[in-house]
Structures are given as C-alpha cells and as structure tokens.
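The sequence shown maps to residues 364 to 454 in my numbering. For each residue, glycine too, the CB sits at the ideal point set by N, CA and C.
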Amino acid sequence: MADLSMRPDILRWGWTLSVFLLLSYLLCVVFGLLFPERFHMHEAWAPLLPGFEWLTWPGFLAGTVGSFLYGWYIAVIVVPLYAMFGRGRGV
364 MADLSMRPDI LRWGWTLSVF LLLSYLLCVV FGLLFPERFH MHEAWAPLLP GFEWLTWPGF
424 LAGTVGSFLY GWYIAVIVVP LYAMFGRGRG V
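If you want it as structure tokens, here you go:
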C-alpha cells in the first residue's frame with residue numbers, strides 16, 4: 364500500500380488528526396454539559412460515531428474511540444493520495 368518513506372508522514376498525520384478530533388469531541392461534550400440544550404452539538408456527532416449516545420458512559424467511550432480512529436483513517440487515506448498527486452510536481 365504505502366512505501367516506507369511515507370510511514371513517518373502517516374504516523375505524524377495520524378497522531379495529529381486523531382488528537383485534534385479527540386480534543387474537538389471532548390470540547391463539544393464539555394460545551395454540551397455547560398450550555399443549554401438548544402446549543403448542544405451531540406446531534407452532529409451522533410450520525411458520525413457508531414454507538415454514540417448522549418450522556419451515557421458507553422456512548423461517551425464509543426465517541427472517544429470513534430473520533431480518535433477517524434483521525435487514523437483520514438491519515439492512512441490522505442497521506443498516500445497526497446504523495447501520489449504530488450509526485451509530478453516535485454512536492
């Protein structure tokens with residue numbers, strides 16, 4: 364799939380995106396706990412995170428794991444695509 368020269372980029376982007384999405388998820392949960400229901404963002408997360416339910420421990424853990432794994436998924440797909448499309452341009 365990816366040659367070894369891409370591995371450091373995939374690792375760097377995987378961790379970066381995973382931590383970014385995880386922190387975003389956690390901030391949205393805290394936001395939802397602090398502000399009135401009409402401002403909650405859990406409706407946006409629910410279709411994207413299988414098993415996510417608002418204000419349950421299993422739902423919270425499913426959202427945490429899901430948001431972290433989405434970062435790795437994006438990195439594994441995007442980094443090789445970026446390298447493939449950038450080859451002819453010296454990028």
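Bounding residues of the alpha helix (DSSP H) (the contiguous stretch that carries residue i)
i	result
R401	Segment: none, R401 is in no alpha helix (DSSP H) and carries neither H nor E.
Alpha carbon of residue i to alpha carbon of residue j, nearest angstrom
i	j	result
L411	L390	16 Å
F415	G429	9 Å
T419	Y445	38 Å
W435	V442	11 Å
I437	S387	16 Å
Helix, strand or coil at residue i [DSSP, three-state]
i	result
L390	helix
G414	coil
A409	coil
What residue ranges within the segment 416-454 form continuous alpha helix (DSSP H) runs of no fewer than 4 residues, ordered along the chain? Fully enclosed alpha helix (DSSP H) runs of 4 or longer: 420-449.
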